[in-house]
Each structure stands twice: as structure tokens, then as C-alpha cells.
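Okay, so the sequence shown: first residue is 4 according to my numbering, each after it adds one.
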Amino acid sequence: MRILVTGAAGFLGSHLCDHLLEKGHEVVGMDNFITGRAENLAHLSGHQRFSFIRHDVSNFIFVPGDLDAVMHFASPASPNPHSPYGYVNLPIQTMKAGALGTHNTLGVAKAYNARFLLASTSEIYGDPEVHPQDENYWGRVDPVGERSVYDEAKRFAEALTLAYHRFHDIDTRIVRIFNTYGPRMRLDDGRVVPNFIKQALQGKPLTIYGDGAQTRSFCYVDDLIEGIYRLLLSDEHRPVNIGNPHEISILEFAEVINILLENLVPLTMLPDRRGEGDPERRRPDISRAKEVLGWEPVIGLEEGLRKTLPYFRENL
Ligand code: NAD
Ligand code: UDP
């Protein structure tokens, strides 16, 4: 297939490009570098089946040649207000990438008669009352909260994707991605994995927001990309959760980092962000992915962190 990947210079987008190329496909990457990095794609420079277009997906998209699939990953993704790359500090760009960007990329899929895959998120469940979250849960999102620029843009994106499927018969997929980590995350995007690894490597205290009792379930990037690739090749139009159901508290996660690095740095307790919509608990129910895609993660947290550490060491 010839596949357009938006957000190609980002963490997930660059791994996705690698995977698609390994599978023998041709890839057109697109990015405007608002949170991504050219370094993430540097190794593909000169690759015969890879090309790149620097472009903001909020504007009309033109791709020369045919396309068989469009995978829309372009969007800021970190909620942290302390980082310049956090979507709270890029609110209009985030809404435009999720809303106009999804409209434009769906338009491309329609024009080229290509299948379409939307990178959605566990954030569409908001601060959930249902645990673990399965795809039938409608979510609990504050439409005017700090995180709403991301959450509502993604909810709109899902609705628009299904509208193109139902009305224009576009062959669509929706993946709801849960917290994922691995090499090529921005060290300074403020998400908990890069924050803790960076702090631990620098011998600085690990910053815990609130009491650290809030939970997350972390998936290693290779597992996630495999699940997304299987979804692309499937016939599943309904949203599919892809993530690792192993749930731990942020406090436990800080301990895992400290033990792994054999570098016992202290913890520093910072103000709680639950008032700004920081979800209390998050864990994917992956029954649908297991049943429809035959997929489940195989890389445990410690193994995944070990695979991630060299990148952080090199880039600090
Ligand atoms: P990232 O910030 O590393 O990558 C996003 C990429 O999109 C960046 O390269 C950025 O420059 C690009 N981009 C943003 N707006 C753009 C625009 N208007 N035009 C062109 N390019 C634009 O983040 P990521 O973690 O790789 O996330 C990728 C996608 O996966 C996002 O859509 C995000 O919502 C989704 N997602 C990620 C996670 C996760 O844990 N990493 C979880 C849920 C959903
Ligand atoms: N968090 C933290 N310290 C940090 C960064 C994040 O305690 O330095 C917490 C954050 O409040 C949230 C969880 O870790 O409860 C995961 O945050 P992240 O920014 O990775 O993404 P989220 O899962 O909230 O989208």
C-alpha cells in the first residue's frame, strides 16, 4: 500500500512509519513539527519508499500520486501545562489538528478512495466512572475544562470519522490509544514517563502531582504499533482500545523507575491536578482487540523501560 501518515515526525508517527516500511509499504510522512522532531525521521532520509511533506494538516492537503490508506496521527498529545509542548499551551492548534485536520485527512481518503485510520485516545473517556474502560462507555468529559481542547477535538474526530463512514461509505478505523511510552518521546513534553526517567537520570526528585494514588496503564510502543497495524488490516469500523491493561499508581510507577535505575532519588509532592481533569483511574478493557485482532501486549513494564532507557541516556 501507499500510506499517508500525519504526525510522522512525532513519537508514535515515526515508529508507525518504520513499521509500515518494514512491512514493505510505501509511506508519505506529513508533519509541521509543532511537537515533533526531524531527528525522529532522520534515519529514513534517502529511503526509497519514504517521502516527506512539511505541512499543517489544518490546511487543505494535497499529496501527489495515489494513496491506499491515510493514518491521521497529527496532534499535540501531552496534557502537561508546565511544558511548552503540552496541548493546554497549544489549545487552538490542538482543536484545529483534531477537527480541521481530521476533516482534511478524511477528505483525502475520500478523494483517493483510501482507507482511513484515526488515532483517537483514552482521553475521550475523560475522568471515567466505569473501570476498566471498554469501548461501549460514553465517557465523562468536561466540555469547558482545561483538557477539553484535546478531548473534545478527539470526540469530534471520532464522530466525523463515523459520519464519513456512514454517509460516504469510507472504509474507516478508530484506535483509542492508552498511555504509551518508548524511545523518541520528547524529553520535555511533560508526560510522566519522560519526566520521571529524565529526573531520575539527573538525580533530581521525581515530581508527583497530588498524592500519586491516580493510576495509569503503560504500553510499550512496539506492542501498540503492532495492534494498530492489525487494526488497519482488519475490517473493524468500531473504535478499538489498544493499550496495556497492567494498571499501577503513579507512586508505584515512581518506585519502579527508582528500582530500575538503582538510583534512589526522593519524591516531591506537587499540587494535585485532578481539579483540571487529571483522570483518577485509567485502564483499557482490551477484550475487543483480543477478539477482533487477536492482539494483546507482550512487553512488560520493566522490559519496556529497559528498552527505553538508552534513548534517554543518549539524548539528555
Ligand atoms: P507527538 O507530539 O510526539 O506527535 C504528534 C505529531 O503531530 C508531532 O510530530 C507534531 O509535530 C504533529 N502535528 C501536530 N499538529 C500538527 C498539524 N496541525 N499538522 C501537521 N502535524 C502536526 O505525540 P504522540 O504521542 O506521538 O501522539 C501521536 C498521536 O497519538 C496523537 O494524535 C495523539 O493524540 C495520539 N495518542 C497518543 C498517546 C500516547 O500515549 N503517546 C495516547 C493517546 C493518543
Ligand atoms: N504526573 C506526575 N508527575 C509528572 C507528570 C505527570 O505525577 O511529572 C501524573 C499526572 O498528574 C497524571 C499521570 O502522571 O496523573 C499521567 O500523566 P501524563 O502527563 O503522562 O498523561 P495523562 O495520562 O494524564 O494523559
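Just so you know, even glycine gets a beta-carbon here, dropped at the ideal spot from N, CA and C.
Item                                                                                                                    : Value
Candidates ASP71, TYR88 and ASP288: closest to THR38 by CA position                                                     : TYR88
Counted within 10 angstroms of its Cβ, other Cβ atoms place SER48 as buried (16 or more) or exposed                     : exposed
Member of TYR314, SER125 and PRO248 whose CA lies at the smallest distance from the CA of PRO242                        : SER125
Residues near ASP137 in its chain [Cβ-Cβ closer than 6 Å; skip 5 each side]                                             : ASP288
Boundaries (first-last residue) of the alpha helix (DSSP H) holding GLY110                                              : 103 to 115
Simplified DSSP assignment, three categories, for ASP225                                                                : helix
From HIS85, HIS28, VAL91 and GLY104, residue whose alpha carbon lies closest to that of ASP69                           : HIS28
Any non-hydrogen atom of the ligand UDP closer than 7 Å to ARG219 Cβ                                                    : yes
Cβ-heavy atom distance, THR175 to the ligand NAD, below 7 Å                                                             : no
Under the three-state DSSP convention, the category ILE64 falls into                                                    : coil
Own chain partners of TYR212 with C-beta closer than 8 Å, once the 5 adjacent residues on each side are dropped         : ILE253, LEU273, PRO274, ASP275, ARG276 and ASP281
Identity of the residue in ASN35, VAL147 and TYR128 nearest ALA100 by Cα                                                : ASN35
Neighbourhood of VAL224 by C-beta distance below 6 Å, restricted to the same chain and skipping five residues each side : HIS18, THR183 and GLY185
Paired residues, beta bridge with ALA72 - DSSP                                                                          : ILE6 and ARG118
Beta-carbon separation (whole angstroms), ILE64 vs THR97, contact threshold 8 Å                                         : With 8 Å as the limit, ILE64 and THR97 do not qualify as a contact, their Cβ atoms being about 18 Å apart.
Best match in PHE170, ASN139 and PHE181 for proximity to ARG219 [C-alpha to C-alpha]                                    : PHE181
Distance cut-off 7 Å: ASN244 Cβ against heavy atoms of the ligand NAD                                                   : no
Alpha-carbon spacing of VAL111 relative to ILE56, whole angstroms                                                       : 14 Å
Inter-stretch contact at 8 Å, needing at least 3 Cβ pairs: the region 144 to 164 / the region 303 to 311                : no
Residue range of the unbroken alpha helix (DSSP H) whose run includes PHE36                                             : From DSSP, PHE36 is part of no alpha helix (DSSP H); its letter is neither H nor E.
C-beta contact flag for ARG286 and GLU250 at 8 Å                                                                        : yes
GLY89, DSSP secondary structure in three states                                                                         : strand
Classification of GLY104 by the beta-carbon crowding that lies within 10 angstroms, buried from 16 upward               : buried
Beta-carbon separation (whole angstroms), ASP174 vs ARG118, contact threshold 8 Å                                       : 4 Å
Contact set for HIS85: own chain, Cβ-Cβ below 6 Å, skip 5 residues either direction                                     : GLY193
Endpoints, the beta strand (DSSP E) within which SER54 is located                                                       : 53 to 57
Rounded Cβ spacing between ARG40 and ARG189 (contact assumed at less than 8 Å)                                          : 7 Å
From PRO197, ILE231 and PHE256, residue whose alpha carbon lies closest to that of ASP214                               : PHE256
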